[in-house]
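Shown next, in structure tokens, is the structure this report addresses.
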Amino acid sequence: MAFIKEESEDMKIEEAFSVKHEDTETPTDLMSLNEGSQELNETDDKDKNGKLHDFKTEEKCISCSQTKKTSSQTQKTETSNLNPNMRIHTGERTYTCQQCGKSFSRNGDLKTHMKIHIKNKQLICPQCGKSFTQKKYLTVHMIIHTREKSFTCPQCGKSFTFKGRLQTHMRVHNGEKPFTCELCGKSFTQKRYLTVHMRVHTGEKPFICPQCGKSFTCKERLKIHMRDHTGEKPFTCPQCGKSFTCKGNLNVHMRDHTGEKPFTCPQCGKSFTYKGKLNIHMRIHTGEKPFACDKCGKSFTQKNGLNIHMRIHTGEKPFTCELCGKSFSFSNGLKVHMINHNEKKPLICPQCGKSFMQIHCLKTHMIIHTGEKPYTCPQCGKCFRHKGSLKGHIRIHTGEKPFTCELCEKGFSFSNGLKVHMRTHTGEKPFVCVQCGRSFTENKLLNAHMRIHTGESPFTCELCGKGFRDKGSLKGHTRIHTGEKPFTCKLCGKSFSFGSNLKVHMRTHTGEKPFVCDQCGRSFMEKKLLNVHMGIHTGESPFTCELCGKAFQQKEKLKKHMKIH
């Protein structure tokens, strides 16, 4: 009778899923049973009167030697119960849920699992409204509301209802992570976290959004995702009232109010609010530029920098002047253009005729003509015409760099330094040589370039008399005499006299070769190496011996040749 009662209870579950039994001895649509039990020889068990003997027999599992005593009268039925034990060893799972596809090795496990799919959860917690499929789960849950939290963490004071939960919590403090992924080695404090993590490797995403079909590895992520559809934002900032869909986003947002910057660069000590910004910043030290232009090979530290750069190739001009309709690829180009629409400047310098909108701007400008430098640095004694220039200069001593590039996190002491730097991301070169058409990011670079055409070298080395077109080149040249090498590689310790040499050297560590030949696709670390290589394709030999007229593709080969003469 117990067997019949159990069967009738099972039918209630199965009927809830509209599954019918065609035959009690054949597999059902809900569960695929594999009856592999041995048939008993009933003739051996019967006496002359046709009755079954009532004696005990023993069955033993060959894998784990588990022994089960059965009565001969029920042996035919009970023998099949040994099969689930065997399936534990073989890994066979013959009972499959038709709702979600999950498989089980025992019939009872499937029956328990099927209750998860029953939509009408009758057992509801009167305290919090949470519903359960089984009474035992509700009973355990009620302890949360009724039982005192007597297990307290000695380190942070957090209390728990169960000792086991306190022990699990302690792993947060001691760093213990006993559950390790066998595939990638990542460790976790709890087994359920490992279970969810394993889905990264298997690709399993069992939790599906009923509205858009997007799937997730864990129920919590689906729950957070559902708020995108409902618009629910239960986590609110107490400072400004801004709301968020998940607590993690609120915690990150709170750093804007507290000023907390928990992510610190191990190389320079600079701190960041977000881990993502630290990762981008680290590329300054490593020289990594993972976003490369497929048109010209130029690389960028951030994808946004590449997107801005691509406007050069696509011709996109998203910044439009509202007054005349002229468009520009970069915001800075529009800002410069807007000056043309400004009203006429009434204040004119009597010395050079330059005009200004405000009187204080004219007065500041007049200092250029008088040569007066009233603002002196208290640390090094250097004098400046403008107070703002002195203020910016002081930052060289303090190391302060308040102007930061949003694309690569590089800092600058002066706003103009940031303005010029941004052109390296956008590719903008507004200063064009009228002689050869070459363009530059700064006016001073154009001025230095113009001396190539004029032959002027106004900056002379006091030690050897060599002349240079710009002050920076002279400064770098002086280091050859002094032996100073202020630019040091943080990866291998090698030092250089020029910052540009260090920049090129860093590519030996990163493997970056930004200069690509458009003829054969070969790439180079330096532009001069690409220029030399291009001679192979063009056949050009620009370096000619003045004594015999022999031409060479490389300057070094010409120098070697000159030793013959």
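UniProt numbering puts the first residue of the sequence shown at 1, with every later residue one more than the last.
C-beta atoms are modelled at their ideal positions from N, C-alpha and C, and glycine is treated no differently.
Since the structure is predicted, the reported quantities are computational estimates derived from the model, not experimental observations.
With contact counted as at least three CB pairs below 8 angstroms, one residue from each stretch, are the segment 371-379 and the segment 262-272 in contact? no
From G203 to L183, what does the alpha carbon distance come to, in whole angstroms? 13 angstroms
Taking three-plus beta-carbon pairs below 8 angstroms as touching, is the segment 386-400 in contact with the segment 270-280? no
Would you call S150 buried or exposed, if buried means 16 or more other Cβ atoms sit within 10 Å of its Cβ? exposed
Do three or more CB pairs link the segment 299-311 to the segment 396-409 at distances below 8 angstroms? yes
Got a sec, what are the start and stop residues for the alpha helix (DSSP H) I312 sits in? R311 to T314
Using C-beta distances below 7 angstroms, list every residue in its chain close to K219, excluding the 5 sequence neighbours before and after it, in chain order. F207
Burial state of H173, where buried means 16 or more other Cβ atoms lie within 10 Å: exposed
Counting only runs of 4+ residues fully inside the UniProt domain "C2H2-type" (179-206), write out the alpha helix (DSSP H) ranges in chain order. 191-202
V532 (DSSP reduced to helix, strand or coil): helix
Could you tell me which residues DSSP pairs with L347 in its beta bridges? F356
Alpha-carbon spacing of H141 relative to H257, whole angstroms: 38 angstroms
For residue 579, count the other beta carbons within 10 Å of its own beta carbon; 16 or more makes it buried, fewer makes it exposed. Which is it? Past the boundaries of the shown model lies residue 579; the chain is included only from 1 to 565, so the question cannot be answered.
Tell me whether residue 568 is buried or exposed, calling it buried when 16 or more other Cβ atoms sit within 10 Å of its Cβ. Past the boundaries of the shown model lies residue 568; the chain is included only from 1 to 565, so the question cannot be answered.
C-alpha distance - K136 paired with E148, whole-angstrom precision: 20 angstroms
Using a Cβ-Cβ cutoff of less than 6 angstroms, which residues in the same chain neighbour D109 once the five nearest sequence positions on both sides are dropped? none
State the DSSP-derived secondary structure class of T264, mapped to helix, strand or coil. strand
Alpha-carbon to alpha-carbon, K275 and C545: 57 angstroms
So what's V516 in DSSP terms, helix, strand or just coil? strand
Quick one: any contact between the segment 501-514 and the segment 485-493, if contact means 3 or more CB pairs under 8 angstroms? yes
Restricting to Cα atoms, I'd like to know which of L347, C352 and H369 is closest to L362. L347
Measuring only the C-alpha atoms, how far is E316 from S329? 6 angstroms
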